[in-house]
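Protein chains in written order, with our numbering: chain A, 360 to 633; chain B, 360 to 633.
Positions of the beta carbon are idealized from the N, C-alpha and C atoms, including for glycine.
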């Protein structure tokens, strides 16, 4: 990140270790309280309401919740309430909304509708006094302080960490709680990372596919959005599996080589960390 | 479609009126029977399992089911079963899978897992003797005959029409049933459509965003895939709303004008139909 050290985005990325450390210490009580509510309810289905970066965080929650809790998670488009005025049957359901600002009228309208239809409504937001918070039974503030960059970074990571902590406390998974509590230290190392090979590959790129699957598909979606927002290249996230299938079918469009595989295990494979 | 009349894709598109007419007459019994099963079960949640074009059809079902039945629909990634080996709690749930071939091992594995976990499993497929059918409680054959083109067309439309008919019979919505039964006649007109302005705009395009929201987001996703597969341009579907917001924020990346708005009401706005 040698070229970015004067941007707001760069500075906010460097706040991630402190933001998440604060979240998991001073900010953990609302997470534990919301987890207790979910344990009491034992919902048969969860729904998420979010958009953009927050929706990628919600996708991460979807996979994590399905894997950790065995409960199906439906991502509900805000238009279901705001345009179609549909009333969902949400008996024994919970609604998780994610929104940095907590302001989007159609997110608020969907959450308000979900609560009226019987869902336990939990909001993850950076603005605990927002309309979204007012429409929810329960608010978890991520306490990431103001995010000035258009490209969300610290609020995205803080939202995902909040979701993971929520699932860990809900399932009372001591091992997962310990792993999550070690994340700020991992982030300290991660913000020092550099990927020079990736920059080289991208230098003249106009288009980019970011591949992921399962949990990593959420991160791929967010990475693609960052590339769009900051590098102005047409980056799209895609599921890994069909791309492999298409490559095997030798379709011309997909014949460009996969040029870079992002290291996922920071401690063993990341060249920037000793 | 003046230039495409020798391609398999073109010929298969022209079969759509007949395929759907056959589906809604000779092929309607399994749809009515599956609808009766769903009515008896009255599920609190539905899940969909699909990939590619079929997953776009499943997204259409998701919105249609939420709007028509008020039941949340969770799109479950096949990796939840095939990679993560998660067991979902699917008491009082139904699982709708969509697959032209019914062959994909991880789709079959997810459906098999869903049935074992208690879900009523309904498969929409063009291959009623496939492994997917074997893993399901109930199969609805779309009877679209062989699809030779790599780019799915008639099977996509037949899958969506099947889904709509399933919802219409499930809710015993006479008006919707009548509207669906009129679709083959609408398709007769639709296959004669031409959009010369659209071709003009796309002639030199390397990148394309296809915008949609709610029900039309499913169609936008499928249209983007068709552009990728057949025109080799990087087409991506996107929700209409954030694009409007971004345009208002005057981000450079989005400043390119929206150049063409696809007519949606064929009878009143489509220049190709009198």
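Is the CB of residue 419/A under 9 Å away from at least one CB in chain B?
no
Quick one: which chain B residues come within Cβ less than 7 Å of residue 429/A?
445, 446, 447 and 448
Extent of the continuous alpha helix (DSSP H) to which residue 493/A belongs
490-493
What's the C-alpha gap between residue 587/A and residue 553/A?
20 Å
Establish whether the CB of residue 437/B and some CB of chain A are separated by less than 9 Å.
Yes, because at least one Cβ of chain A sits closer than 9 Å to the Cβ of residue 437/B.
Do residue 499/A and residue 481/A have their CB atoms nearer than 9 Å?
yes
Using DSSP bridges, identify the partner residues of residue 445/A.
DSSP, once it has assigned bridges, lists no residue as partnering residue 445/A.
Does the region 392-402 of chain B come within contact of the region 571-583 of chain B, defined as at least 3 CB pairs closer than 8 Å?
no
Under 8 Å: does the beta carbon of residue 506/B sit that close to some heavy atom of the ligand FMN?
The ligand FMN is absent from the structure shown, which contains no ligands of any kind.
Three-state secondary structure (DSSP) of residue 461/B:
coil
On a CA-only basis, which of 373/B, 537/B, 596/B and 496/B is nearest residue 547/B? Give me that one, please.
373/B
Among 441/B, 556/B, 484/B and 541/B, which one has its Cα closest to the Cα of residue 464/B?
It is 441/B.
Quick one: complete beta strand (DSSP E) runs, 3+ long, within the region 487-561 of chain A?
DSSP runs (the beta strand (DSSP E)) wholly in the region 487-561 of chain A: 497-500.
List the residues of chain A that residue 426/B touches, going by C-beta distances under 8 Å, in chain order.
439, 443 and 445
Once the 5 residues before and after residue 380/A are set aside, which same chain residues still bring their CB inside 7 Å of it?
543
Residue 451/B at chain A interface by Cβ criterion, 9 Å:
yes
Roughly how many angstroms lie between the CA atoms of residue 490/B and residue 427/B, to the nearest whole one?
30 Å
Proximal residues to residue 378/A (C-beta, below 6 Å), its chain only, five neighbours per side dropped
503, 513 and 517
Flag this pair as yes or no: are the beta carbons of residue 522/A and residue 420/A separated by less than 9 Å?
yes
Take the Cβ of residue 527/A as the centre, count every other Cβ of all protein chains shown within 10 Å, and call the residue buried at 16 or more, exposed below.
buried
DSSP on residue 409/B, reduced to helix/strand/coil?
In the structure shown, residue 409/B adopts coil according to DSSP, grouped into three states.
Every unbroken beta strand (DSSP E) inside the region 373-400 of chain B [3 residues or more]
none
Strand pairing of residue 593/B, partner residues [DSSP]
566/B
Start and end of the beta strand (DSSP E) containing residue 365/A?
No beta strand (DSSP E) contains residue 365/A, which DSSP labels as neither H nor E.
Please confirm if the region 436-454 of chain A is in contact with the region 469-476 of chain A, defined as three or more CB-CB distances below 8 Å between the two stretches.
yes
Of the residues that make up the region 550-580 of chain B, which ones have a beta carbon closer than 8 Å to any beta carbon in chain A?
565, 566, 572, 573 and 576
If you measure from the beta carbon of residue 593/B to each beta carbon in chain A, is any gap under 9 Å?
Yes, residue 593/B counts as interfacial toward chain A.
Measure the C-alpha to C-alpha separation of residue 434/B and residue 407/A and round it to an integer number of angstroms.
12 Å
Please report the straight-line C-alpha distance between residue 496/A and residue 469/A, rounded to a whole angstrom.
Roughly 14 Å between the two C-alpha positions.
Contacts that residue 368/B makes with chain A (C-beta to C-beta distance below 8 Å):
By Cβ distance, chain A contributes nothing, its closest Cβ being about 14 Å from residue 368/B, past 8 Å.
Which residues, in chain order, does the region 399-415 of chain A contribute to contact with chain B at a C-beta distance below 8 Å?
403, 404, 406, 410 and 411
Could you list which residues in chain C have their beta carbon closer than 8 Å to that of residue 432/A, in chain order?
Absent from the structure: chain C. Protein chains present are A and B.
Let me see if you follow: with CB-CB separation under 9 Å, is residue 612/B close to chain A or not?
Per-residue confidence for residue 612/B stands at a pLDDT of 40, beneath the threshold of 50, marking its modelled position as unreliable; the derived number appears in the next sentence. Closer than 9 Å to some Cβ of chain A, the Cβ of residue 612/B qualifies, so yes.
Distance, Cα to Cα, residue 458/B vs residue 437/B?
Whole-angstrom Cα-Cα distance: 12 Å.
Beta-bridge partners of residue 439/B, as assigned by DSSP
In the DSSP output, where bridge partners are listed per residue, residue 439/B has none listed.
Mind checking whether residue 524/A and residue 405/A have CB atoms under 9 Å apart?
Their beta carbons are not under 9 Å apart, which means residue 524/A does not touch residue 405/A by this criterion.
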